[in-house]
Structures are given as C-alpha cells and as structure tokens.
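If you read the sequence shown in this note's numbering, its first letter stands for residue 250, the second for the next number, and so on. Quick reminder that beta carbons are idealized off the backbone N, C-alpha and C, glycines included.
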Amino acid sequence: MEGAIKTVVSVFLKFAKGKENLGGKEFQTLVEKQLNNIMTDAENSKAVTKMRQGLDENKDGKISFQEYMILVGELSKTRLNSCPGNSPYKSVNSH
250 MEGAIKTVVS VFLKFAKGKE NLGGKEFQTL VEKQLNNIMT DAENSKAVTK MRQGLDENKD
310 GKISFQEYMI LVGELSKTRL NSCPGNSPYK SVNSH
C-alpha cells in the first residue's frame, strides 16, 4: 500500500510540474497517459473537461490534490466493484 500511495502522489506532482494544482492541459495529459486503460473516454477532451469540471469543487478551473484524490477514490471503488467475487459490503479483513 505504501508503494501505491507514493505512486499516486508522484503522478500528481509529475503532471502538476511543480505547481500546487493541475490546470486543464495538465489534467488532460494525466488522464490520457495514466488512465487510458481504465477509462473509456480518456482521450476524449470534451469528456475529460466535463470530468475536470465535476471534480473542481471550488470552481477555480484547476484540480487540487484533494480534488485529484476524489478521482482516485472513485476509480478505486469502480475497480473494486468490477472484480469478480468482490462485494462492496465485505470487510477488508475478511479472508
């Protein structure tokens, strides 16, 4: 899990290019390069713009790290629910 956290943070920092937020162009590039295997509209700029606008809670036109984490959480839930045999009601510790 530590590796996954490091990856999530480093991907944000890489595409933010030293800034605190992802602008529209940076967000589009991140989605295209990092999420094209799990998102059907990753290369559709209109769909990505709409997604960015939905994530942009403070409506500043940028995606903060907190807003980015909402995307990561939603994609993780979608992935979990699409795995065969996984129920959203199972405890993480129940094996």
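Would a C-beta distance cut-off of 8 Å place residue i and residue j closer than the cut-off?
i      : j      : result
Gln276 : Val297 : Note on identity: in this sequence residue 276 is Phe, with Gln being the wrong assignment. The answer is yes: Cβ separation under 8 Å.
Lys311 : Leu262 : no
Quick one: Cα of residue i to Cα of residue j, how far?
i      : j      : result
Glu269 : Ser313 : 7 Å
Leu324 : Asp309 : 23 Å
Glu292 : Gly334 : 30 Å
Ala253 : Ile319 : 15 Å
Gly273 : Met300 : 11 Å
Can you tell me which of the options puts its alpha carbon nearest to the alpha carbon of residue i?
i      : options                        : result
Val321 : Leu284, Lys274, Glu251         : Leu284
Val260 : Met250, Gly273, Lys274, Val280 : Val280
Thr289 : Pro333, Val257, Thr327, Met250 : Thr327
Sorted by chain position, which residues of the same chain lie with C-beta nearer than 7 Å to residue i's C-beta, five sequence neighbours on each side aside?
i      : result
Glu306 : Glu316
Leu304 : Ile312, Glu316, Ile319, Leu320
Under three-state DSSP, which class holds residue i?
i      : result
Asn330 : helix
Ile319 : helix
Glu254 : Before going further, note that residue 254 is Ile rather than Glu in the sequence given. In this structure, Ile254 counts as helix in the three-state DSSP scheme.
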